[in-house]
Amino acid sequence: LNFDTTIAISAHDGHTGVSVQRWPVTVNFAPAITDQSLPNAKEGVDYSLNFIDTSKVNMIHIYDPNVSDVHTYRLLYVGETDTFYRDKNYGVGKTVLTGTTPHWLEIDPFSGVLTGTPGITDAPRTAGGACGGQESVLVIVEDACHLQTWAWLPLTVDSVQHLPNFVKGPHDICATNKQQFCDSVKV
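First residue of the sequence shown? That's 6 in this note's numbering, and the numbers climb one at a time after it.
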């Protein structure tokens with residue numbers, strides 16, 4: 006909470022006596038998500054590569070003037086719908102949100118760290134791409150006093166070039182002359 010705001014009352018007795026009483030006013034500000042987009046993901050690679058090098062840990066960044074506030078993080082996934090409030094305590098700013106986050110992505114509810122590994126069917130997803138376009142991740146952040154904020158963050162998923170893999174078929178294929186023949190090769 007922010008304690009830099011005060012209310013003061015000053016009383017004068019008409020002579021030289023002055024009395025001042027001050028009370029701190031606590032003001033809680035909603036957190037703000039500062040990310041505009043998320044770093045690219047790569048098919049088959051964990052989204053947060055390792056936790057030894059913090060520069061390779063992908064997470065949601067926020068700003069909150071209430072520096073001691075504790076926050077929780079949540080993703081809303083494709084197919085989910087939920088009701089959120091800008092101020093949950095007073096029911097202010099009611100909004101129904103529909104999830105857009107791909108199911109392979111997860112978030113730590115206390116740190117905002119993103120993890121998960123996109124599979125072969127999750128890539129490629131790029132802006133203006135012919136294969137479904139960019140992913141959109143819906144992030145919801147709530148502070149200890151239940152002020153909520155949310156944002157849709159674009160996420161590109163890069164594909165990996167896979168080598169062809171031929172599957173061995175039957176040992177002998179017999180075909181008769183002047184008769185139609187059809188077979189398939191599984192790659």
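The beta-carbon is built from N, C-alpha and C at its ideal position, and this holds for glycine as well.
Relative to the Cα of Thr106, the nearest Cα in the group Thr120, Lys99, Ala35 belongs to Thr120.
By the neighbour-count definition (other C-beta atoms within 10 Å, threshold 16), Ile67 is a buried residue. Just so you know, the alpha carbons of Gln184 and Val162 end up roughly 48 Å apart.
Excluding five sequence positions before and after Ser24, the CB atoms of its chain that fall closer than 7 Å to its own CB belong to Ala16, given in chain order. Here the alpha carbon of Thr131 sits roughly 8 Å from the alpha carbon of Leu160. Between the stretch 21-39 and the stretch 65-84 there are three or more inter-stretch CB-CB distances shorter than 8 Å, so the stretches are counted as touching. Along the stretch 87-140, the beta strand (DSSP E) occurs as fully enclosed runs of 3 or more residues at 100-103, listed in sequence order. For the set Ser141, Thr86, His76, the Cα lying nearest the Cα of Asp113 is the one of His76.
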